[in-house]
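*Asks:* This structure is in structure tokens; I'll ask about it shortly.
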Amino acid sequence: MILFFQLLLWIHPVIAFTFPTWDGFRDLLVRKTSELRSIHLQKRAVNKTLWVRAYTYEGSTFFDEWDFFTYSDPTNGLVQYVDRDTAFRDGLTYITEEGRANMHVDSWTNLTLEQVTSRSKLRPSVRIHSKRRYNHGLFLLDVAQAPHGCGSWPAYWSTNENWPVDGEIDIIENVHSNRSNQVAFHTNPGCFLTTPGNFSGIAGSTTCDASINFNTGCGIVDQSIASFGPTFNEKGGGIYAMKWDSDSIDVWFFYRSAIPTDILEGLPNPGSWRLPSASLSSVGCPIDNYFRNQMIIFDTTLCGDWAGTSYSRVGCPGTCEELVTKGANFVNATWSINSLKIYNKTVINTWYLDGGASDIQFPVLTTLFAAICIFLSALL
Ligand SMILES: *[C@@H]1O[C@H](CO)[C@@H](O)[C@H](O)[C@H]1NC(C)=O
Ligand SMILES: *[C@@H]1O[C@H](CO)[C@@H](O)[C@H](O)[C@H]1NC(C)=O
Ligand SMILES: *[C@@H]1O[C@H](CO)[C@@H](O)[C@H](O)[C@H]1NC(C)=O
Ligand SMILES: *[C@@H]1O[C@H](CO)[C@@H](O)[C@H](O)[C@H]1NC(C)=O
Ligand SMILES: *[C@@H]1O[C@H](CO)[C@@H](O)[C@H](O)[C@H]1NC(C)=O
Ligand SMILES: *[C@@H]1O[C@H](CO)[C@@H](O)[C@H](O)[C@H]1NC(C)=O
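Numbered by mature numbering (1 follows the signal peptide of the UniProt record, and there is no 0), the letters in the sequence shown go through residues -16 to -1, 1 to 364 in order.
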């Protein structure tokens, strides 16, 4: 009896081969055995993209790594940008109790119309340039409040001294109390916004060349009517994300109540987010030829080339110069920033073992059969 089961254990593959009618049995024991032997575990390469925190501007140290720009406004606004000491002394710049970095336009001093029109005294405001320069990255700005109101022209953007050769990226920008943000790019000739593209906003001009169209650049207006202005602030602002790599420069806006959890957890994964509001693709603009060494800039100017020339068309009172004389007109011209976090893209070359189709049930069956034979032979 013992011998019988031991014999059965060794000869069952032979039986299976010898009796072709026992197809099912043979299939189970033999054909799949050969299949199992032919499986080559393959090492497959994959590139995993990780965004790793590289730098943070936040809380009490927010203002440490910035230069305060003090030249007259290059866009002809009716502001006087003040230096760091003046900004902190006069309360234009400070950290709030909640740890937010605030930047104000002076909303308490009155000027005379003569001072404004002659530009002998203009309204104090703040413009800061990051000391660090960036090439590529994921820039997450958590903003609680952005400036708006008649005459205001705020911007969160990036460029450098070699403009427009090294490019300009406008991430948050608009004028007055417009409710939709406009993203724009200004470059050397030869860079075009591809439309339709992988973005949800509404494209304007598609020529990014700063030397034509009065430097309109190529722009995309967010469809959300809470991406700028009063509604943006009422909803507590949100997160503006800008992703810049060789493939594209993309901008997303997330309401505070709809910030993706991967951002909240500190492990942002743009690949998992919805379509960006704006995207400049390398299809029409080889990104690395047009954008380099960007410094980040926050500013709020008044009137000037955009807010001044559009002033009479948006239902604001009087003239922009008259508006600038009264401090109280600028109570809403305030940046209030929770943080600006910059992440670097890290591509990890990794691999996994690919075993093809799963035949896992077969070894279980033969093992079971062999175990039964061994068990029975031992028992008897
Ligand atoms: C991964 O990236 C390397 C360059 O770092 C590239 O040569 C390779 O083709 C990529 N592999 C895959 C599977 O995308
Ligand atoms: C500025 O002007 C407003 C309105 O004309 C006036 O109410 C206010 O007191 C003035 N502020 C100062 C500091 O003079
Ligand atoms: C992140 O990238 C910037 C260039 O944009 C570079 O200067 C910096 O060293 C990088 N930081 C880290 C932590 O890799
Ligand atoms: C708001 O801004 C967009 C683009 O910046 C512009 O096309 C639109 O006319 C503006 N709307 C108003 C009411 O000013
Ligand atoms: C949009 O995305 C698709 C799929 O990733 C890509 O093939 C296409 O080139 C993209 N279009 C543009 C303008 O970048
Ligand atoms: C400031 O914003 C609030 C809320 O949107 C608005 O009611 C008020 O009129 C604004 N004030 C000025 C001077 O723009």
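Backbone N, C-alpha and C fix where the C-beta goes; we use that ideal spot for every residue, glycine too.
Going by DSSP in three states, residue 101 sits in which element: helix, strand or coil?
*Replies:* Your numbering for residue 101 matches position 117 in the sequence shown. Reduced to three states, the DSSP call for residue 101 is helix.
*Asks:* Consult DSSP for residue 290 and reduce its assignment to one of helix, strand or coil.
*Replies:* Here residue 290 is taken as the residue at index 306 of the sequence shown, counted from 1. In the structure shown, residue 290 sits in a helix (DSSP, three-state: H, G or I).
*Asks:* Residue 62 and residue 95 - do their beta-carbons sit closer together than 7 Å?
*Replies:* Residue mapping note: residue 95 aligns to position 111 of the sequence shown, counting from 1. Residue mapping note: residue 62 aligns to position 78 of the sequence shown, counting from 1. Contact flag unset, no.
*Asks:* Since residue 156 and residue 185 are thought to touch, with beta carbons under 8 Å apart, how far apart are those beta carbons, to the nearest angstrom?
*Replies:* Sequence index remark: in the sequence shown, residue 156 carries index 172 (1-based). Sequence index remark: in the sequence shown, residue 185 carries index 201 (1-based). With a Cβ gap of about 13 Å, residue 156 and residue 185 do not count as contacting.
*Asks:* At what residues does the alpha helix (DSSP H) containing residue 214 begin and finish?
*Replies:* Numbered from 1 along the sequence shown, position 230 holds the residue referred to as residue 214. That run of the alpha helix (DSSP H) goes 213 to 218.
*Asks:* Taking the Cβ atom as the reference point for each residue, do residue 266 and residue 234 lie within a distance shorter than 7 Å?
*Replies:* Here residue 266 refers to the residue found at position 282 when the sequence shown is read from its first residue. Here residue 234 refers to the residue found at position 250 when the sequence shown is read from its first residue. Taking 7 Å as the Cβ cut-off, residue 266 and residue 234 do not qualify as a contacting pair.
*Asks:* With a cut-off of 8 Å on the beta carbons, I'd call residue 59 and residue 289 a contact; round off their distance for me.
*Replies:* Mapped onto the sequence shown, residue 59 falls at position 75. Mapped onto the sequence shown, residue 289 falls at position 305. That pair is a contact at about 5 Å.
*Asks:* For residue 154, collect the residues of the same chain with a Cβ closer than 7 Å to its Cβ; drop the 5 residues on either side in sequence, then sort them by chain order.
*Replies:* Translated into positions along the sequence shown, residue 154 becomes position 170. Taken in chain order, the residues that qualify are 139, 141, 167, 168.
*Asks:* From what residue to what residue does the alpha helix (DSSP H) around residue 202 run?
*Replies:* In the sequence shown, counting from the first residue as 1, residue 202 sits at position 218. It is not in any alpha helix (DSSP H) - residue 202 instead sits in the beta strand (DSSP E) that spans 202 to 205.
*Asks:* CA-CA distance, residue 199 and residue 162?
*Replies:* The sequence position of residue 199 within the sequence shown is 215, counting from 1. The sequence position of residue 162 within the sequence shown is 178, counting from 1. C-alpha separation (whole angstroms): 21 Å.
*Asks:* Determine the DSSP secondary structure at residue 121, reduced to helix, strand or coil.
*Replies:* Residue 121 sits at position 137 when you count from the first residue of the sequence shown. Strand at residue 121.
*Asks:* Where do the ends of the beta strand (DSSP E) carrying residue 274 lie?
*Replies:* In the sequence shown, the residue the question calls residue 274 occupies position 290. From DSSP, residue 274 is part of no beta strand (DSSP E) but of the alpha helix (DSSP H) over 271 to 274.
*Asks:* Could you pull the DSSP bridge partners for residue 88 from this structure?
*Replies:* The count along the sequence shown starts at 1 and reaches residue 88 at position 104. Beta-bridge pairing links residue 88 to 318.
*Asks:* Taking the C-alpha atoms as reference points, what is the distance between residue 321 and residue 269?
*Replies:* Here residue 321 refers to the residue found at position 337 when the sequence shown is read from its first residue. Here residue 269 refers to the residue found at position 285 when the sequence shown is read from its first residue. When rounded, the distance between both Cα atoms is 31 Å.
*Asks:* With residue 237 and residue 211 assumed to form a contact (beta carbons below 8 Å), what rounded beta-carbon distance in angstroms separates them?
*Replies:* On the sequence shown, residue 237 is found 253 positions in, with the first residue counted as 1. On the sequence shown, residue 211 is found 227 positions in, with the first residue counted as 1. About 5 Å; that satisfies the 8 Å criterion.
*Asks:* Check for me: the beta strand (DSSP E) holding residue 152 runs from which residue to which?
*Replies:* For the purposes of this step, residue 152 is identified with residue 168 of the sequence shown, where counting begins at 1. First-last of the beta strand (DSSP E) with residue 152: 152 to 157.
*Asks:* Enumerate, from N- to C-terminal direction, the unbroken beta strand (DSSP E) stretches of 3 or more residues contained entirely within the segment 220 to 282.
*Replies:* 222 to 228, 232 to 239, 262 to 265
*Asks:* DSSP puts residue 328 in a beta bridge; with which residues?
*Replies:* Position 344 of the sequence shown holds residue 328. Residue 328 pairs with 36.
*Asks:* Could you give the first and the last residue of the continuous alpha helix (DSSP H) run that contains residue 69?
*Replies:* Working through the sequence shown from its first residue, we reach residue 69 at position 85. Residues 68 to 73.
*Asks:* State whether the segment 235 to 254 contacts the segment 106 to 121, with contact taken as three or more CB pairs (one from each stretch) at a distance under 8 Å.
*Replies:* no
*Asks:* Please indicate yes or no: does the CB of residue 121 lie closer than 6 Å to some heavy atom of ligand 3?
*Replies:* Walking along the sequence shown from the start, residue 121 turns up at place 137. Yes, the Cβ of residue 121 comes within 6 Å of a heavy atom of ligand 3.
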